[in-house]
Amino acid sequence: MSKPLVSIIIPNYNKAPYIREAIESALNQTYKNIEVIVVDDGSTDQSREIIKSFGKRIKAYFLPHKNANVARNFGFKKSKGKYIQFLDSDDILLPEKIEKQVELLEKTGADMALSGFKYLIHIGEKNILKGPVYIEDRYARDLLLLFTEGSLWYPPFTPLYRRELVEASGGWNESLELTQDLHFDFQIASLEPYVENVKLIGGLYRRYKGKKEGREWRLKWNICADATLEYLYSIVQKKRPELTKYLAKYFLIRARGWYEFDKDKYVEKMKILFKRFPTYKPREFPVFYILSRLFGYKIADAILYRLRKVKHVFRPEI
3 MSKPLVSIII PNYNKAPYIR EAIESALNQT YKNIEVIVVD DGSTDQSREI IKSFGKRIKA
63 YFLPHKNANV ARNFGFKKSK GKYIQFLDSD DILLPEKIEK QVELLEKTGA DMALSGFKYL
123 IHIGEKNILK GPVYIEDRYA RDLLLLFTEG SLWYPPFTPL YRRELVEASG GWNESLELTQ
183 DLHFDFQIAS LEPYVENVKL IGGLYRRYKG KKEGREWRLK WNICADATLE YLYSIVQKKR
243 PELTKYLAKY FLIRARGWYE FDKDKYVEKM KILFKRFPTY KPREFPVFYI LSRLFGYKIA
303 DAILYRLRKV KHVFRPEI
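Residue numbers for the sequence shown follow the numbering used here, so the first one is 3 and each next one is one higher.
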């Protein structure tokens with residue numbers, strides 16, 4: 003029997019230092035029946051030249067700049083694979099990932115397969131590997147439990163999807179410029195798919211320690227993250243209301259994210275938190291919990307905000 007086609011979809015925007023390594027990691031899979039689709043989202047650096055240098059080994063498309071989700075959806079529409087692999091242009095697939103996940107999906111008939119991963123952390127000129135991180139089977143087979151009780155995230159390259167699952171999800175939300183991967187994960191989880199789990203390090207996820215994003219970016223992040231968390235909340239309330247309690251800590255994080263931008267919105271978000279979770283005690287954040295018990299949450303965050311500012315002055319690399 004012929005092996006099923008796998009489509010590896012790589013969106014790119016101004017990732018010239020990393021895009022070559024990402025494409026090569028896709029082409030160097032031990033599983034050979036693949037198509038690599040690279041969708042450039044209007045890059046202004048050297049990305050286009052690097053992408054074009056791969057010639058007919060890949061399918062390359064060049065779009066005007068919009069956002070990564072537009073590029074992902076475009077790549078999916080152009081794809082023909084039975085299975086779909088998304089790969090960000092600064093991440094890396096390890097050689098056996100596709101092969102092992104296809105074997106499992108073909109054997110079990112699952113809708114998607116997860117894998118483990120490692121972090122590739124950039125600190126100045128140094129690159130440090132951290133991990134491995136494996137997803138527990140009980141979480142892998144229950145994504146809503148994973149995103150509530152367990153963790154809120156795994157790298158976008160971790161899953162290999164059956165095509166029909168991506169179609170059923172409605173695709174990536176093109177209105178979001180940030181937190182796109184989380185929103186897509188929650189769309190997938192809302193379908194309650196049958197998920198299998200490969201105990202294999204599937205790839206390397208880049209992190210940039212010490213990188214300080216600008217105020218405009220952080221404000222945009224707050225807006226997108228709020229919308230994404232509200233989306234998850236609506237799904238959990240509808241499908242698994244018993245899991246809603248686990249979301250309290252994330253709503254606290256989101257509320258506190260507004261402190262430096264808009265104190266009124268911060269207070270508004272905290273009131274929503276207490277209304278939804280009246281018995282919640284934020285013991286996951288011990289310093290905030292102690293200070294808020296002594297002085298109230300507004301003074302607690304005022305103290306912690308000033309301490310963070312001092313910390314960045316004396317240790318700017320953090």
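All residues carry an ideal CB built from backbone N, CA and C; glycine is no exception.
For residue i: DSSP bridge partner residues
i	result
H124	N129, Y210
F119	V135
Whole-angstrom distance between residue j and residue i, CA atom to CA atom
i	j	result
V40	P13	6 angstroms
K265	Y163	42 angstroms
S9	K82	7 angstroms
R278	Y156	26 angstroms
F263	L221	7 angstroms
D90	L306	34 angstroms
L146	R258	24 angstroms
I203	L296	45 angstroms
P284	F290	8 angstroms
I255	I125	25 angstroms
P19	W219	21 angstroms
F253	S294	16 angstroms
A28	D47	22 angstroms
G57	N30	15 angstroms
Y141	G152	7 angstroms
Y15	F64	10 angstroms
F287	R59	49 angstroms
E179	C226	7 angstroms
I25	E232	34 angstroms
P318	K311	Reliability fails at P318, whose pLDDT of 38 lies under 50, so the model's placement of it is uncertain and the value that follows must be treated cautiously. C-alpha separation (whole angstroms): 10 angstroms.
F119	L131	10 angstroms
K273	K251	14 angstroms
F78	L309	46 angstroms
F88	I301	43 angstroms
P66	S45	8 angstroms
Residue interval of the alpha helix (DSSP H) (run including residue i)
i	result
E270	265–278
S294	288–297
S236	217–241
P13	No alpha helix (DSSP H) contains P13, which is instead part of the beta strand (DSSP E) from 8–14.
Contact check, residue i vs residue j, beta carbons under 7 angstroms
i	j	result
T160	L122	no
L249	T110	no
R74	I52	no
S171	Q182	no
D93	R208	yes
D303	Y261	yes
V168	M114	no
K5	N35	yes
T246	Q239	yes
R165	K84	yes
L96	G205	yes
Y237	S192	The residue asked about is misnamed: residue 237 is Ile in this sequence, not Tyr. In this structure, S192 lies closer than 7 angstroms to I237 by Cβ.
I100	Y210	no
Endpoints, beta strand (DSSP E) assigned at residue i
i	result
F76	Per DSSP, F76 belongs to no beta strand (DSSP E); it is in the alpha helix (DSSP H), 70–80.
Y85	85–88
D42	36–43
L65	61–65
S55	First-last for S55: undefined, no H or E at that position.
Cβ-heavy atom distance, residue i to the ligand PLP, below 6 angstroms
i	result
R310	Looking for the ligand PLP in the displayed structure turns up nothing, as the structure carries no ligands at all.
Which ranges would you report for the alpha helix (DSSP H) in the region 124–198 if only whole runs of at least 4 residues count?
139–142, 165–171, 182–192
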